[in-house]
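This report concerns only the one structure given below.
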Amino acid sequence: MIFQKMIYAFDFEVFGKVQGVFFRKYTKQEATKLNIKGYVQNTTRNTVIGRAESDNIESLNVFKNFLNNIGSPSSKIDKCVITNEKTMDSYSSTNFYIKT
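Here it is, written out as structure tokens:
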């Protein structure tokens with residue numbers, strides 16, 4: 001029997017000065033470094049939203065810290081709202097990408 005790893009996932013929305021400051025680029029770099037799959041994109045509300053998926057809960061916790069406290073060098077994060085935390089059987093994407 002093959003043991004299937006549990007995939008943990010959550011959606012996020014980051015508020016503050018997060019557009020026009022390379023926030024998505026740095027978020028993609030961090031996600032790739034942590035082997036997290038999903039996406040990040042700008043919204044018309046001047047926030048950044050996205051989804052993160054990984055079978056490593058510690059990596060996701062490091063990523064949450066990045067979204068809450070680090071971001072890009074020029075960003076100013078007011079808050080990060082995490083929603084839809086759940087487990088899944090398979091990934092919804094094969095990598096982490098910037099959605100336009």
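Per UniProt numbering, the very first residue in the sequence shown carries number 1; after that it's consecutive. By construction, the Cβ of each residue, glycine as well, lies at the ideal position given by its N, Cα and C atoms. Quick caveat, the model's predicted, so the values are computed rather than measured.
Pull up the DSSP beta-bridge partners for residue i, would you.
i, result
"D11", "R51 and T83"
"I36", "Beta-bridge pairing links I36 to no other residue."
"G16", "I77"
"Q41", "I49"
"I70", "I70 is not bridged to any residue."
Could you give the distance in angstroms between the alpha-carbon of residue i and the alpha-carbon of residue j?
i, j, result
"V62", "K33", "11 Å"
"Y26", "T83", "21 Å"
"G50", "E13", "7 Å"
"S72", "N65", "13 Å"
"I77", "F23", "10 Å"
"residue 103", "I70", "Coverage of the chain is limited to positions 1 through 100, which leaves residue 103 absent and any answer about it impossible."
"N68", "K79", "6 Å"
"L60", "N35", "9 Å"
"T87", "R45", "28 Å"
Check each candidate in the options and name the one with the smallest Cα separation from residue i.
i, options, result
"V18", "V48, Q41 and K25", "V48"
"N42", "K5, S54, V21 and F10", "V21"
"S90", "N46, R45, N35 and D55", "D55"
Using a threshold of 8 Å, state whether the C-beta atoms of residue i and residue j are closer than that.
i, j, result
"Y39", "S93", "yes"
"I98", "E53", "no"
"F15", "E85", "no"
"K28", "F96", "yes"
Quick check on residue i - is its C-beta less than 8 Å from some C-beta in chain C?
i, result
"V48", "Looking at the structure shown, chain C is missing, and only one protein chain is on hand."
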